[in-house]
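Visitor: When we follow the working numbering, the leftmost residue of the sequence shown carries the number 1291, and every step to the right adds one.
Where a beta carbon is used, it is the ideal one built from N, C-alpha and C, also for glycine.
I have a structure here, written as structure tokens, and I will follow up with some questions on it.
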Amino acid sequence: MTSPRIDLTGLAPGREYDAALWFESEDGSAGEVQHARFRTAAVHPSGTSFVWTGDTAGQGWGINPDLGGMTTYAAMHATEPDFFLHSGDTIYADGPIAETVVEPDGQTWRNLVTPEVSKVAEQLGEFRGRHRYNLMDANVRALYADVPVIAQWDDHETHNNWYPGQILTDARYTERRVDVLAARARQAWQEYQPIRTADVRGRGDTGFAAARIYRKIERGPQLDVFCLDMRSSKSPNTDGLEPTETPILGDEQVDWLISEVRRSRATWKVIANDLPLGLVVPDGANEESVSNGDNGAPLGRELEIARVLTGLKGVPNLLWITADVHYCAAHHYSPDRAAFTDFDPFWEIVAGPVNAGTFGPNKLDGTFGPEVVFQKTADYANQSPRGGNQFFGHVAIDAAGELTVSLRNTAGTTLWSTQLAPA
């Protein structure tokens, strides 16, 4: 069973739509009617808002009926955003979900479970089952019925810290060729996320590398969103100290990003990067992250990001947003603090998790001069959602173009915010 999709065209700008949806069998019998609504982007400057986060059903923390399910989705829904951007780790294909988990304080966490989440996902049906599992949650369904979704993928849609060509050593797997797993994972992701099929150009021979999912979403004169794909062209995880450029985006995506951002006439250009730029994320003795923990001149993957930052010099009103590391933070990057200086200052805001274990903080690499302006982490490693340390970001742009970005928790409480005036 896959998720059906309807490609809507010819919609009027700046309008709220209500839709009724149902299925009919071949004999004409109609199923239950469901309702959805959404708002299209305006053509004239007007206020708009969105939320973002990442990391759904990770570390074995699934849908807990005792807590009302994945309640951070309800907190995002309560802000009445114009859209929701999922920054990746939309599922945890490599993380089985058990019926019960004993938390460090002795409490018992209780999960809803299905056969597909009881083991690591290897077959296409198991990957599909992971996406269906999340849709069992009433909070997720309510948000998705009211709010358009922009989805990215990261590693856990397939396997932790994966890269093309990798052969797993994970004993839980009978299929250890990541390229095979990624092809199945990518197919399931495309079936269950609302990405237009015209945008992905087929699945190619490998199932993921030939299919382009990085894209630009225009949300009216105030906002363009640039969704990156930092997984399909990713170089193998090493110590990250190569003197020559190693890919995290790939040449085609780098050229596209620089060109499209420079061409954008929107007031604000939001770049959604599914991997943070300056946080160090280890993969054993190697690095999963863009950064390598060396505060000096760019090396390895950092060289590609340096090329992007230099290519974007002079473009006003940029904001980078990300997730991945399971805590929230506001980082300001400046050449005044950096080893590499050929770029303009910018903000990168980190959100998540939305329903997964909370961790942090990670080490911050100084190559691009980041400064921790704010962060909120777990009380202890792999803290469950019960503790309330689940996080999402919120962006509001008013009609005059002033942008307010904030970080909020499960209760919807604003933990940090700042206002950015357009240049």
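#1: Among the candidates Gly1350, Pro1566 and Lys1559, whose CA atom is the shortest distance from the CA of Ala1658?
#2: For Asp1495 and Ser1523, I'd like the C-alpha separation in whole angstroms.
#3: Between which two residues does the alpha helix (DSSP H) containing Leu1471 stretch?
#4: Could you give the distance in angstroms between the alpha-carbon of Asn1652 and the alpha-carbon of Leu1569?
#5: Please work out which residues of its chain come closer than 7 Å, Cβ to Cβ, to Pro1303, disregarding the five sequence neighbours upstream and downstream, and give them in chain order.
#6: Can you give me the C-alpha to C-alpha distance between Leu1589 and Val1580, rounded to a whole angstrom?
#7: Which residue from Leu1301, Gln1512 and Leu1375 puts its Cα closest to that of Ile1485?
#8: Using the C-alpha atoms, what's the distance from Asp1519 back to Tyr1453?
#9: By how many angstroms is the C-alpha of Gly1510 removed from the C-alpha of Pro1533?
#10: DSSP on Arg1493, reduced to helix/strand/coil?
#11: Along the chain, which unbroken stretches of the beta strand (DSSP E) at least 3 residues long are found entirely within the region 1414-1449?
#12: Applying the criterion that 16 or more other CB atoms from any shown protein chain within 10 Å of the CB defines a buried residue, is Ile1457 buried or exposed?
#13: Suppose you measure from the CA of Thr1700 to the CA of Leu1710; what does that come to, to the nearest Å?
#14: What runs of the alpha helix (DSSP H), each 4 residues or longer, lie entirely inside the region 1358-1387?
#15: May I ask you to report which of helix, strand or coil DSSP gives Thr1600?
#16: Just mark Tyr1307 as buried or exposed, buried being the case when its beta carbon has 16 or more other beta carbons within 10 Å.
#17: Based on the DSSP output, what are the partners of Pro1294 in its beta bridges?
#18: Just the C-alpha distance for Ile1440 and Phe1373, rounded to the nearest angstrom, thanks.
#19: Going by Cα to Cα distance, which pick from Tyr1363, Val1410, Leu1414 and Glu1370 is closest to Leu1425?
#20: Residue range of the alpha helix (DSSP H) that Arg1552 falls in?
#21: Determine the contact status of Asp1724 and Ala1310, defining contact as a CB-CB distance below 9 Å.
#22: How should Lys1603 be labelled, buried or exposed, when 16 other C-beta atoms within 10 angstroms of its C-beta is the threshold for buried?
#23: Does Ile1611 come out as helix, strand or coil in the three-state DSSP assignment?
#24: Just curious, the beta strand (DSSP E) that Trp1637 is in, first and last residue?
#25: Using the three-state DSSP reduction, which class does Ile1595 fall into: helix, strand or coil?
#26: Rounding to the nearest angstrom, what Cα-Cα distance links Gln1442 and Asp1317 in this structure?
#27: From the DSSP output, which residues share a beta bridge with Trp1706?
#28: Just mark Gly1483 as buried or exposed, buried being the case when its beta carbon has 16 or more other beta carbons within 10 Å.
#29: Thinking C-beta only, is Cys1618 closer than 9 Å to Phe1516?
#30: With a 10 Å radius around its C-beta and 16 neighbouring C-beta atoms as the bar for buried, classify Ala1575 as buried or exposed.
Guide: Let me lay it out:
#1: Note that residue 1658 corresponds to Phe in the displayed sequence, not to Ala. Closest by alpha carbon: Pro1566.
#2: Because the pLDDT of Asp1495 is 46, which lies under 50, any placement of that residue in the model is unreliable, and the number read from its coordinates should be weighed accordingly. Taking the straight line joining both Cα atoms gives about 14 Å.
#3: Val1468 to Tyr1482
#4: 6 Å
#5: Thr1330, Ala1331, Ala1332 and Val1333
#6: 10 Å
#7: Leu1375
#8: 12 Å
#9: 41 Å
#10: For Arg1493, the pLDDT reaches just 46, beneath the cut-off of 50, and the residue's location in the model is therefore unreliable, although a value from the coordinates is still provided. The answer is coil: DSSP assigns Arg1493 none of H, G, I, E or B.
#11: 1439-1441
#12: exposed
#13: 25 Å
#14: 1361-1368
#15: helix
#16: exposed
#17: Per DSSP, none; premise fails for Pro1294.
#18: 7 Å
#19: Tyr1363
#20: Asp1541 to Arg1553
#21: Absent from the structure is residue 1724, since the part of the chain shown begins at 1291 and ends at 1713.
#22: exposed
#23: strand
#24: Phe1636 to Val1640
#25: helix
#26: 38 Å
#27: Leu1697
#28: The question names Gly, but residue 1483 in the sequence shown is Gln. Looking at its Cβ environment, which holds 16 or more other Cβ atoms inside 10 Å, Gln1483 is buried.
#29: no
#30: exposed
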